[in-house]
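Visitor: For the sequence shown, UniProt numbering begins at 1 and goes up steadily by one.
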Amino acid sequence: MNASKTRAVASRKPATWQRVVAQSARFVVAVIFIFSGLIKINDPVGTQIKLTEYFEVFALDVPAMAGFFHGLIPFTLVLSVFFCTAEVVLGVALLLSYRMRSTSWILLALIVFFTFLTFYSAYFNKVTDCGCFGDAIKLKPWTSFSKDIFLLILILVIIWQRHVFRNTRTGFLVGLATVLSLGIGVYAIQHLPPLDLLPYAVGKNIPAEMQPSEPLRFSYKMEKDGKEVELEKYPTDTTYKFKEMILLNESAKPKITDYRVWNDEGDFTQATFEGAKLMLIIRDLEDLNIGNMSAIRKLMKGVEDKNVKPMILTSVSDKQINDFRHEYQLAIPVYKADATVLKTIVRSNPGLWLINNGVVKGKWHHADTPGPDEVAALVKSN
Numbered sequence: 001m002n003a004s005k006t007r008a009v010a011s012r013k014p015a016t017w018q019r020v021v022a023q024s025a026r027f028v029v030a031v032i033f034i035f036s037g038l039i040k041i042n043d044p045v046g047t048q049i050k051l052t053e054y055f056e057v058f059a060l061d062v063p064a065m066a067g068f069f070h071g072l073i074p075f076t077l078v079l080s081v082f083f084c085t086a087e088v089v090l091g092v093a094l095l096l097s098y099r100m101r102s103t104s105w106i107l108l109a110l111i112v113f114f115t116f117l118t119f120y121s122a123y124f125n126k127v128t129d130c131g132c133f134g135d136a137i138k139l140k141p142w143t144s145f146s147k148d149i150f151l152l153i154l155i156l157v158i159i160w161q162r163h164v165f166r167n168t169r170t171g172f173l174v175g176l177a178t179v180l181s182l183g184i185g186v187y188a189i190q191h192l193p194p195l196d197l198l199p200y201a202v203g204k205n206i207p208a209e210m211q212p213s214e215p216l217r218f219s220y221k222m223e224k225d226g227k228e229v230e231l232e233k234y235p236t237d238t239t240y241k242f243k244e245m246i247l248l249n250e251s252a253k254p255k256i257t258d259y260r261v262w263n264d265e266g267d268f269t270q271a272t273f274e275g276a277k278l279m280l281i282i283r284d285l286e287d288l289n290i291g292n293m294s295a296i297r298k299l300m301k302g303v304e305d306k307n308v309k310p311m312i313l314t315s316v317s318d319k320q321i322n323d324f325r326h327e328y329q330l331a332i333p334v335y336k337a338d339a340t341v342l343k344t345i346v347r348s349n350p351g352l353w354l355i356n357n358g359v360v361k362g363k364w365h366h367a368d369t370p371g372p373d374e375v376a377a378l379v380k381s382n
């Protein structure tokens, strides 16, 4: 090879710093996508709830396409599994340098879609929790948007320097990641999330979760003489004009802020923390699965002899729930709770939730309805 050709080849070879940047970008994007996808495929119903919120917001904000967005809502669970699985599979493919050209362009399309959603959430203050990392990590809207911009830049670097990567024959591993991701998602739907990251998980003390972990501390933005100042204590000087109160130790906030139980006689929130309660959660009747109602009825009747009080916790109207109780012979008291809270307590409709003196002792999908003896054993356990 003559000198001119050697120089030409050398000029096309990427510099060391370019290779380092490209490989670092590949690794960071892959890890984030895999982590995000696994957290969400662990709880696809949670992602379904977020997608439904987005489509309902879009239907209101873009009336001309309301029919289209409402038409997507019945398919949100399928879309949830698809997007969550895609995140894991694309992350694995990127980590293994599998078909880098296709992988990088699909990643770009996906991150552009996510960036649009997070920008919409942040700018218009809609769907303020995007669920980017499920319930494992809560991000503020602008933080979520910044995260997506960061990933967008890294993916553009990967596309720009994709000739640095050597494609590998790892299709089997990518296929295995696809099968495993789908399997986790299907299991979570047919049972409950394998890893319960919700504040109502087994072992949680609900009254304690409703209290701050330490005294909340605030600072105060005030305005005086046209100048804005931030004070540690609220001023007694009446010439200050209040602007904003800022929580300084946000991590100390209660994990649960909206758990309330009531009926026509009043508030029964504290009463649910007294003794053992087995709650049949019915968040609505539209998508209620009645296939295991016989086992549930037997359970609710059987626990009464085990010093466990059965009750129905629902967000549907009095007439609907009373008609339902009559049809399925559920002679147990009914209490009301917010629909969003019920979705957070258990990702099954119906679902079962056992608490003893405020501590969660059990949680079941309707397909895994336990027997009265199992419930009684859990109540007696430490």
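Glycine residues also receive a C-beta, built at the ideal position from the N, C-alpha and C atoms.
Suppose the cutoff is 6 Å on Cβ atoms and the five residues either side in sequence are ignored; what does the same chain contact list for valine 359 look like?
Guide: As a working mapping, residue 359 is identified with position 359 in the sequence shown. Around valine 359: Asn205.
Visitor: What are the boundary residues of the beta strand (DSSP E) that asparagine 356 is part of?
Guide: Taking the first residue of the sequence shown as position 1, residue 356 is located at position 356. Looking at the DSSP string, the run of the beta strand (DSSP E) that includes asparagine 356 is 351 to 356.
Visitor: Out of curiosity, what's the CA-to-CA distance linking phenylalanine 33 and aspartate 373?
Guide: On the sequence shown, residue 33 is found 33 positions in, with the first residue counted as 1. On the sequence shown, residue 373 is found 373 positions in, with the first residue counted as 1. Taking the straight line from one Cα to the other gives about 43 Å.
Visitor: Please return the same chain residues whose Cβ sits closer than 6 Å to the Cβ of isoleucine 296, not counting the five positions on each side in sequence.
Guide: Translated into the one-based positions of the sequence shown, residue 296 becomes position 296. So the list reads Thr369, once near-sequence residues are dropped.
Visitor: Is it the case that the region 216 to 235 contacts the region 65 to 82, given that we only count it when at least three CB pairs across the two stretches are under 8 Å?
Guide: Because the criterion of three Cβ pairs below 8 Å is not met, the region 65 to 82 and the region 216 to 235 do not touch.
Visitor: Does the Cβ-Cβ distance between alanine 337 and valine 261 come in under 8 Å?
Guide: By one-based count along the sequence shown, residue 337 stands at place 337. By one-based count along the sequence shown, residue 261 stands at place 261. Closer than 8 Å, so yes.
Visitor: Identify the continuous alpha helix (DSSP H) that holds leucine 180 and give its terminal residues.
Guide: Residue numbering aside, residue 180 sits at position 180 when the sequence shown is read from its first letter. Segment 171 to 190, the alpha helix (DSSP H) holding leucine 180.
Visitor: In terms of residues, what are the limits of the alpha helix (DSSP H) holding methionine 100?
Guide: For the purposes of this step, residue 100 is taken as residue 100 along the sequence shown, with counting starting at 1. Residues 100 to 124.
Visitor: Short of 7 Å in beta carbon distance, which residues of its chain neighbour valine 9, apart from the five on each side in sequence? Order them along the chain.
Guide: Counting from 1 along the sequence shown, the entry for residue 9 is found at position 9. Caution applies to valine 9, whose pLDDT of 45 falls short of 50 and renders its modelled position unreliable; the value that the coordinates give is listed next. Correct list: empty, nothing qualifies.
Visitor: From the DSSP secondary-structure annotation, give me the bridge partner or partners of threonine 314.
Guide: As a working note, residue 314 is residue 314 in the sequence shown. Looking at the DSSP assignment, threonine 314 forms a beta bridge with Ile282, Lys336.
Visitor: Are the CB atoms of phenylalanine 172 and phenylalanine 145 within a distance shorter than 8 Å?
Guide: Position 145 of the sequence shown, counted from the first residue, corresponds to residue 145. Position 172 of the sequence shown, counted from the first residue, corresponds to residue 172. No.
Visitor: Bridge partners for glycine 266 per DSSP, in chain order?
Guide: The residue labelled residue 266 in the question sits at position 266 within the sequence shown. According to DSSP, glycine 266 bridges with Asn263.
Visitor: Which residues in the same chain as glutamate 232 place their Cβ atom closer than 6 Å to its Cβ, once the five residues preceding and following it in sequence are excluded?
Guide: The residue labelled residue 232 in the question sits at position 232 within the sequence shown. So the qualifying residues of the chain are Ser219.
Visitor: Please classify valine 290: does DSSP put it in a helix, a strand, or coil?
Guide: Your numbering for residue 290 matches position 290 in the sequence shown. One point to set straight first is that residue 290 is isoleucine, not valine, in the sequence displayed. If DSSP states are grouped into helix, strand and coil, isoleucine 290 belongs with coil.
Visitor: Just reading off the beta strand (DSSP E) that valine 229 is part of, what are its end residues?
Guide: Taking the first residue of the sequence shown as 1, we reach residue 229 at position 229. Looking at the DSSP string, the run of the beta strand (DSSP E) that includes valine 229 is 227 to 231.
Visitor: What whole-angstrom Cβ distance do isoleucine 184 and proline 194 have, given they're in contact under 8 Å?
Guide: Within the sequence shown, numbered from 1, the residue matching residue 184 stands at position 184. Within the sequence shown, numbered from 1, the residue matching residue 194 stands at position 194. With 8 Å as the limit, isoleucine 184 and proline 194 qualify as a contact, their Cβ atoms being about 7 Å apart.
Visitor: Given a cut-off of 8 Å, decide if methionine 311 and tyrosine 328 are closer than it, judged by their beta-carbon atoms.
Guide: The count along the sequence shown starts at 1 and reaches residue 328 at position 328. The count along the sequence shown starts at 1 and reaches residue 311 at position 311. No.
Visitor: Look at the Cβ atom of isoleucine 159, then the Cβ atom of leucine 95, and state whether they are nearer than 8 Å.
Guide: Taking the sequence shown and counting its residues from 1, one reaches residue 159 at position 159. Taking the sequence shown and counting its residues from 1, one reaches residue 95 at position 95. Their beta carbons are not under 8 Å apart, which means isoleucine 159 does not touch leucine 95 by this criterion.
Visitor: Under 8 Å, with one C-beta from each stretch per pair, do the region 344 to 351 and the region 262 to 276 reach the 3-pair mark?
Guide: Flag = no, the region 344 to 351 and the region 262 to 276 do not touch.
Visitor: How about alanine 15 and valine 88: are their beta carbons less than 8 Å apart?
Guide: Position 15 of the sequence shown, counted from the start, is the residue given in the question as residue 15. Position 88 of the sequence shown, counted from the start, is the residue given in the question as residue 88. Cβ distance not < 8 Å, so alanine 15 and valine 88 don't count as in contact.
Visitor: For phenylalanine 27, I'd like the list of residues in its chain whose CB is within less than 8 Å of its CB, leaving aside the five on either flank, ordered along the chain.
Guide: Position 27 of the sequence shown, counted from the first residue, corresponds to residue 27. If we look at phenylalanine 27 and ignore the five residues flanking it on each side, its Cβ neighbours are Leu95.
Visitor: Give me the Cα-Cα distance between lysine 241 and lysine 224, rounded to the nearest whole angstrom.
Guide: As a working note, residue 241 is residue 241 in the sequence shown. As a working note, residue 224 is residue 224 in the sequence shown. Rounded to the nearest angstrom, the two C-alpha atoms are 6 Å apart.
Visitor: Along the chain, where does the alpha helix (DSSP H) that runs through residue 384 open and close?
Guide: What is shown of the chain runs 1 to 382, which leaves residue 384 out entirely.
Visitor: Taking all protein chains shown into account, do 16 or more other C-beta atoms lie within 10 angstroms of the C-beta of threonine 257, making it buried, or fewer, making it exposed?
Guide: Within the sequence shown, residue 257 is the residue found at index 257, counting from 1. Exposed, since its Cβ has fewer than 16 Cβ neighbours within 10 Å.
Visitor: Alpha carbon to alpha carbon, how far is valine 186 from threonine 85?
Guide: By 1-based counting over the sequence shown, the position of residue 186 is 186. By 1-based counting over the sequence shown, the position of residue 85 is 85. Near 11 Å, if we compare the C-alpha coordinates of threonine 85 and valine 186.
Visitor: Take serine 80 and list the residues in its own chain whose beta-carbon comes closer than 7 Å to its own, dropping the five residues that flank it on each side.
Guide: Numbered from its first residue, the sequence shown carries residue 80 at position 80. Result list for serine 80: Pro44, Thr47, Gln48, Leu51, in chain order.
Visitor: For proline 254, which residues of its own chain have a beta-carbon under 7 Å away from its beta-carbon, when the five flanking residues on both sides are left out?
Guide: What you label residue 254 is simply residue 254 of the sequence shown in a count that begins at 1. Counting only Cβ-Cβ distances below 7 Å, and skipping sequence neighbours, we find Glu209, Met210, Gln211, Pro212.
Visitor: Per DSSP, what kind of secondary structure is serine 219 in: helix, strand or coil?
Guide: Stepping through the sequence shown from its first residue, residue 219 is reached at position 219. In the structure shown, serine 219 sits in a strand (DSSP, three-state: E or B).
Visitor: Out of Glu250, Leu247, Met222, point me to the one whose CA is closest to aspartate 237's CA.
Guide: Within the sequence shown, residue 237 is the residue found at index 237, counting from 1. Among Glu250, Leu247, Met222, the Cα nearest to that of aspartate 237 is on Met222.
Visitor: Measuring straight from C-alpha to C-alpha, what distance separates phenylalanine 150 and leucine 60?
Guide: Here residue 150 is taken as the residue at index 150 of the sequence shown, counted from 1. Here residue 60 is taken as the residue at index 60 of the sequence shown, counted from 1. C-alpha separation (whole angstroms): 30 Å.
Visitor: Compare the C-alpha of valine 57 against each of Val157, Tyr98, Ser121, Val29 and name the closest.
Guide: The count along the sequence shown starts at 1 and reaches residue 57 at position 57. For the residues Val157, Tyr98, Ser121, Val29, the minimum Cα distance to valine 57 belongs to Ser121.
Visitor: For aspartate 129, which residues in the same chain have their Cβ closer than 7 Å to its Cβ, ignoring the five residues on either side in sequence?
Guide: In the sequence shown, residue 129 corresponds to position 129, counting from 1. Closer than 7 Å at the Cβ level, and outside the excluded window around aspartate 129, lie Lys138.
Visitor: How long is the line joining the alpha carbons of alanine 376 and asparagine 349, rounded to whole angstroms?
Guide: Walking along the sequence shown from the start, residue 376 turns up at place 376. Walking along the sequence shown from the start, residue 349 turns up at place 349. Alanine 376 and asparagine 349: Cα-Cα distance of roughly 23 Å.
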